[in-house]
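Trainee: One structure is given below, represented as structure tokens, and several questions about it will come after.
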Amino acid sequence: MKIFTKKAPLEAYLSKEKLHGKSIGFIPTMGALHEGHLSLITTAQKKNDLVVVSIFVNPTQFDKDEDLINYPKTFEADKIQLEKISCDVLFYPDVTEIYEDVIRSESFYFDGLEHKMEGKYRKGHFNGVGTIVKILFQIVKPNVAYFGQKDFQQLQIIKKLVQKHNLNLLIEGCPIFREKDGLAMSSRNVRLEEKYRTAAPFIYQTLQEAQNQFIKQNPFEVILRVTEQFKYHPLLKLEYFTIAEEETLETIKEKEKEKNYRAFIAVFAGNIRLIDNIKLKHS
Ligand code: PAF
């Protein structure tokens, strides 16, 4: 695996490979790699000649300094995992290489998607995500970039970024990877104290129940039940649960036949914030 910490040699290397007709698949990450990330990489390997992974803990997408400081940083273990699955290229820049002297986000308008759910609770988060993803796309110039559906809102926003800025690449969303007990894989899971880790699968159980309930009942009834279920939970604190249309992320009141919906949830397990979502079926 080739490792680059500077963008100029990476750009030079990748443009040579592109000249030789190689297609590039790209997976941007913040490290602390888990099986969910590895599945994105193996998907990219099947469909591209060269796979690039970036590891960069992006300061501008954190709304709380504490969250940035505590974000797991496991570079040596990540590198071993990437070598094991034969990743071709790792880009591991430092903050100065990306932001030079000013660590600041660009301001984006994603047709309002940025103000919903995560955007409401994490001020400036999607400006930070948009900024780093745009910078990385400009450096790597991939044919396809892969993102997990666990961060479904992020995925929709990145599609918008590509569309609005006429970026020449495809975005592919990949299924959520779960632990055996259903907890969605996340770099934050390693920070859960044991009692919270034991309690956390309740989040996916609730989503599955909501999925069943949604087939027969209206969104209001489903939201009410989920809210009630968390009200007296001794360890998990619900931040939001909502049912929204997949494209607009607009919360719905009534089901409409041809539309696609998902249930979205954010929960605090102690001071660790977990998010998850599930696709809904309806008649
Ligand atoms: O999903 C993540 O890990 C990050 O938000 C991303 C897309 C790598 C941007 O920093």
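Residue numbering for the sequence shown follows this note's numbering, beginning at 63 and increasing consecutively.
No residue lacks a Cβ here, since even glycine has one placed at the ideal position from N, Cα and C.
Model, not experiment: these values are computed from the prediction.
At what residue ranges does the segment 101-162 contain a whole run of the beta strand (DSSP E), taking only runs of 3 or more?
Mentor: Here the runs fully enclosed are 112-117 and 151-153.
Trainee: Please enumerate, following chain order, all residues with a beta carbon closer than 7 Å to at least one heavy atom belonging to the ligand PAF.
Mentor: Chain-ordered list of matching residues: Pro-90, Thr-91, Met-92, Phe-118, Asn-120, Gln-123, Val-191, Ile-194, Val-195, Phe-209, Asp-213 and Gln-216.
Trainee: Return the residue from the list Leu-336, His-295, Met-63 and Glu-79 that minimises the CA-CA distance to Lys-141.
Mentor: On the sequence shown, residue 141 is found 79 positions in, with the first residue counted as 1. Nearest C-alpha to Lys-141: Met-63.
Trainee: Please name the residue, chosen from Lys-278, His-295, Glu-138 and Tyr-323, that lies closest to Ile-265 on a Cα-to-Cα basis.
Mentor: Here the question's residue 265 lines up with position 203 in the sequence shown. The residue with the shortest Cα to Cα distance from Ile-265 is His-295.
Trainee: Between which two residues does the beta strand (DSSP E) holding Lys-64 run?
Mentor: For the purposes of this step, residue 64 is identified with residue 2 of the sequence shown, where counting begins at 1. Run containing Lys-64: 64-66, per the beta strand (DSSP E) assignment.
Trainee: Within this structure, are the beta carbons of Phe-239 and Ser-101 separated by less than 7 Å?
Mentor: By 1-based counting over the sequence shown, the position of residue 239 is 177. By 1-based counting over the sequence shown, the position of residue 101 is 39. Yes, the Cβ-Cβ distance between Phe-239 and Ser-101 is below 7 Å.
Trainee: The alpha helix (DSSP H) that contains Thr-310, what's its start and end?
Mentor: Walking along the sequence shown from the start, residue 310 turns up at place 248. Per DSSP, Thr-310 belongs to no alpha helix (DSSP H) and is neither H nor E.
Trainee: My understanding is that Met-179 touches Phe-326, with C-beta atoms under 8 Å, so please give their C-beta distance in whole angstroms.
Mentor: The sequence position of residue 179 within the sequence shown is 117, counting from 1. The sequence position of residue 326 within the sequence shown is 264, counting from 1. With a Cβ gap of about 6 Å, Met-179 and Phe-326 count as contacting.
Trainee: Can you tell me the Cα-Cα spacing of Glu-159 and Ala-94, whole angstroms?
Mentor: Counted from its first residue, the sequence shown places residue 159 at position 97. Counted from its first residue, the sequence shown places residue 94 at position 32. Cα-Cα distance, rounded: 20 Å.
Trainee: Which ranges would you report for the beta strand (DSSP E) in the segment 243-316 if only whole runs of at least 3 residues count?
Mentor: Here the runs fully enclosed are 298-307.
Trainee: Taking just the CA atoms, how far does Arg-259 sit from Ala-331?
Mentor: If you number the sequence shown from 1, residue 331 lands on position 269. If you number the sequence shown from 1, residue 259 lands on position 197. Ala-331 and Arg-259: Cα-Cα distance of roughly 8 Å.
Trainee: For Pro-90, which residues does DSSP report across the bridge?
Mentor: For the purposes of this step, residue 90 is taken as residue 28 along the sequence shown, with counting starting at 1. Paired residues: Ser-116.
Trainee: Who does Ile-340 pair with in a DSSP beta bridge?
Mentor: Taking the sequence shown and counting its residues from 1, one reaches residue 340 at position 278. Ile-340 is bridged to Ala-325.
Trainee: Apart from the five residues on each side of it in sequence, which residues of its chain come closer than 8 Å, Cβ to Cβ, to Phe-292?
Mentor: On the sequence shown, position 230 is the one that residue 292 refers to. Taken in chain order, the residues that qualify are Thr-268, Leu-298, Lys-299, Leu-300, Phe-303 and Val-329.
Trainee: Could you give the DSSP three-state label for Tyr-183: helix, strand or coil?
Mentor: Translated into positions along the sequence shown, residue 183 becomes position 121. Of the three classes helix, strand and coil, the one that applies to Tyr-183 here is helix, per DSSP.
Trainee: Please classify Ile-219: does DSSP put it in a helix, a strand, or coil?
Mentor: For this step, residue 219 is matched to residue 157 along the sequence shown. Helix at Ile-219.
Trainee: Is the beta carbon of Tyr-154 closer than 7 Å to that of Ile-117?
Mentor: Numbered from 1 along the sequence shown, position 55 holds the residue referred to as residue 117. Numbered from 1 along the sequence shown, position 92 holds the residue referred to as residue 154. Yes; because the gap between Cβ atoms is below 7 Å, this pair is in contact.
Trainee: Taking the beta strand (DSSP E) that Tyr-208 belongs to, which residues open and close that run?
Mentor: To locate residue 208, count along the sequence shown from 1; it is residue 146. Counting along the chain, the beta strand (DSSP E) containing Tyr-208 begins and ends at 206-210.
Trainee: Do Gln-279 and Val-191 have their CB atoms nearer than 7 Å?
Mentor: The residue you call residue 279 lines up with position 217 of the sequence shown. The residue you call residue 191 lines up with position 129 of the sequence shown. Cβ distance not < 7 Å, so Gln-279 and Val-191 don't count as in contact.
Trainee: Straight-line CA distance for Asn-132 to Ser-249?
Mentor: Position 70 of the sequence shown holds residue 132. Position 187 of the sequence shown holds residue 249. Rounded to whole angstroms, Asn-132 to Ser-249 spans 11 Å at the Cα level.
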